[in-house]
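No gaps in the numbering here: position 176 of the sequence shown is 262 in my numbering, and each next residue is one more. By construction, the Cβ of each residue, glycine as well, lies at the ideal position given by its N, Cα and C atoms. Data block below; observations after.
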Amino acid sequence: MEIDLLATFLFAFITTFTPGPNTISSHAMGLNYGYRRSLPYFGGIATGFFSIMLLSSLFATLLQHHVPVIVPMLTIFGSLYILYLAYHVFFASYLLSQRAPKALGYGNGLLLQVLNPKVIILGLTVYSTFLRDMERRAVYLVGSALAFTLMSFSALTTWAFFGLGISRLLKTERTRRIVNAVLSLLLVFTAVRMLIGLW
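So this is what it looks like as structure tokens:
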């Protein structure tokens, strides 16, 4: 079975770019302290994100080798999680805090990933469902984790530079509803493609 790159990209893109602990805190840091002073914090987030993605890939590999019967169940649970995410994205608000109490550093960004359920669930869902048929060689595991980390870092940078503009653009109810509806439908589409892939 081939990897569904479109579904994988859509899920990863929407999950990393929609508001969450990483994007909201990056917006606040960029707004209050500028991009350069925020880089250590972003570096901590990137390190933690990469580590969690790599650990998720190893965990999914162990499950596939030792408990292969669980893989279809993980796909079903992953699809349900994506539908749950679609529901929350549909009702998401883009009103962001413009104040950060103090400049956050590398350790803060690293710790945030360990405590961020969005990243942990992203990693487990991606590797146990979307990339379950990926060859389990170190180069692919590390390469895919790095690719997702670069996407996440792009999201941090986008929110640091343009967070306020995005927030203002999506402040009107009509625009927010349209954007949320499109993102939600893309997630539903992704979940359906995952389930179809089981048969």
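Considered as a whole, the segment 202-232 harbours 203-211 as its complete alpha helix (DSSP H) runs of no fewer than 4 residues, in chain order. Excluding five sequence positions before and after serine 112, the CB atoms of its chain that fall closer than 6 Å to its own CB belong to Leu242, Trp245, Ala246, given in chain order. Annotation for leucine 140: Leu227, Val228, Ala231 place their beta carbon closer than 8 Å to its own, counting only its chain and skipping 5 residues before and after. Sequence-distant partners of leucine 197 (beyond 5 residues in either direction) whose C-beta falls short of 8 Å from its own C-beta, in its chain, are Gly130, Gly134.
The three-state secondary structure of glutamate 259, taken from DSSP, is helix. Counting along the chain, the unbroken alpha helix (DSSP H) around threonine 161 starts and ends at 156-176. According to the DSSP assignment, isoleucine 100 belongs to the alpha helix (DSSP H) that extends over 91-103. Inclusion of threonine 211 and isoleucine 264 in the CB contact set at 9 Å is not warranted, their separation being larger than that value.
With fewer than 16 other beta carbons inside 10 angstroms of its own, valine 153 counts as exposed. Methionine 237 is positioned such that its CB atom lies no closer than 9 Å to that of serine 165. For valine 200, the enclosing alpha helix (DSSP H) has its first and last residue at 192-200. Following the DSSP letters along the chain, one finds alanine 132 inside the alpha helix (DSSP H) bounded by residues 107-152. By the neighbour-count criterion, in which 16 or more other beta carbons inside 10 Å mark a residue as buried, alanine 93 falls on the buried side. Excluding residues up to 5 positions away in sequence, Phe216, Leu217, Asp219, Met220 lie with their Cβ nearer than 8 Å to the Cβ of isoleucine 89 in the same chain. Nearest in C-alpha terms to alanine 233, of all of Thr104, Phe136, Asn118, Gly120, is Phe136.
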